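Below: one structure, written as structure tokens.
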Amino acid sequence: LWKFQQQHRQKLDELYGLKRWQIGEVASKIGQLYHLYYLRSSELHYLTESFAFFSAIRTRGYYSKASKEERPDLMVKKLRYYARFILVCLLLRKMKLVHELLREFSKQVEEYTAVYDPEDQSEWDMVVQEIREFVEGEALLNVLNPDSTATVLKHRLSPLNNPQVEKCGSGYMQLSEVLIVGNCYEQTRFSELSLDMYRMLQTLERDPLDTLHGSTTSVPNSRLSGLGSLENGLPASGHANDEAGSNGASGCGPTRPHNPHKYLLYKPTFSQFNTVIAAAFKDVSATGAVLLYISADGIRTPTAKYGDERKRFLTCFTELLLISAG
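Everything in the sequence shown is counted per the UniProt record's numbering, starting at 1 for the first residue and increasing by one.
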């Protein structure tokens, strides 16, 4: 679809009156689709493709005249685009761009509420507040360079921070399934991603960007072999060029070890949790491992009963794992 509108842009403009916001809507849908691919596969090249399309919308101003169309539904699409773009930038650790987008997003929400006086005004104000608190919480502890500028810390694994694993016994154990559960009553969050879930999912991914550029020249070649370029051939900065997304995607990422498949659950019911953990055990291989991360509020009990409560919990949880594994 994206290639088609590129190849026939003039005809679409002259005969059908194609508008720029309509092109932006197509690009936004594709960017959203790539983001969903990332969530399902945990492969970062999909996330980079999503960034390419979202960035192109902003660079080319596809939604720049949305407010002049006098259509509140179009403004809502623009606001949703901003929220999704900010989330993708957070996942890619493009924090400078996140701050720029947050300022733009806040202004767009103010314009939307001033022009249309919508019923969902409080909801959009809450989204802006959630993002602002999330960004502030993420930067609660800053690491400064010698020139006093903040360093953007990367939580993902790279050849520089990921030591080679020694072979143990007859083979390797591989982390193949991960369950990340956020279930605290009050957590800093954006959408259904709490701050600790955000950090955990990055910690369990390999960062392809460091390995594609000159920052890892001291790393042995054997540890960098098999790494290809990203589908769009994006530069180190990750900015999309004018042909962003024009190459399309075959669904084939770089030849390298896959990231573990992840399930992200925010305040799930027990039924949802049980279903997901059963699916994780069903998919795990004989040499695979499942990692379960839970952040939740503890139950305070009297000291005398604490030991019994802990034993009861461990017994129930062990039975749950055995049932799921079976």
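Heads up, the beta-carbon is just placed ideally off N, CA and C, and yes, glycines get one too.
In this text, all values refer to a predicted model and were calculated from it rather than measured experimentally.
Minimum C-alpha distance to residue i - residue among the options
i           : options                : result
Y293        : I299, V284, A286, F273 : F273
C184        : Y266, S191, P118, E138 : Y266
V26         : E14, R40, E43, A56     : A56
L141        : I131, L153, E130       : L153
I180        : Q174, I299, Q202, L101 : Q202
E192        : L18, L39, G24, Q121    : L39
L195        : V98, Q32, L90, R9      : L90
V135        : T275, E100, T287, P268 : E100
M197        : L264, H258, N161       : L264
residue 361 : D125, A139, N162, A114 : Nothing about residue 361 can be reported from this structure: the residues present for the chain run from 1 to 326 only.
T149        : E186, K96, S41, I299   : K96
Limits of the beta strand (DSSP E) - the one that residue i falls within
i    : result
K262 : 261 to 266
V181 : 174 to 183
L291 : 288 to 296
Residue j beta carbon less than 8 Å from that of residue i
i    : j    : result
V76  : F51  : no
P72  : Y116 : yes
E133 : T59  : no
P118 : L204 : no
L36  : L92  : no
S295 : G137 : no
L157 : L291 : no
L79  : Q108 : yes
E111 : S67  : yes
V128 : S106 : yes
I86  : L102 : yes
Close beta carbons around residue i, own chain, < 6 Å, minus the five adjacent residues each side
i    : result
N145 : T151
Y81  : S28
R20  : Y62
F190 : E130, I131, F134
G251 : At G251, the pLDDT of 42 sits below 50, so the modelled position is not reliable and the matter cannot be decided from this model.
Element boundaries [alpha helix (DSSP H), containing residue i]
i    : result
L101 : 95 to 116
I131 : 121 to 138
S271 : 270 to 283
K154 : Taken as a continuous stretch (DSSP letters only), K154 belongs to no alpha helix (DSSP H), as it is neither H nor E.
R9   : 9 to 16
R199 : 195 to 203
8 Å CB neighbourhood of residue i in its chain, flanking five on each side removed
i    : result
L1   : V26, I30
Y16  : none
R84  : S28, G31, Q32, H35, F54
G288 : M173, Q174, L175, S176, E177
D283 : S176, E177, H261
Q5   : L12, L18, I23, V26
D207 : L44, K154, R156, L157, S158
S64  : R20
Chain-order list of residues whose beta-carbon lies under 7 Å from that of residue i (same chain, five-residue window excluded)
i    : result
R199 : H155
S285 : S176
S271 : none
**Prompt:** Where in the segment 39 to 83 do unbroken runs of the alpha helix (DSSP H), each at least 4 residues long, occur, reported from the N-terminal end onward?
**Reply:** 44 to 60, all fully within the segment 39 to 83.
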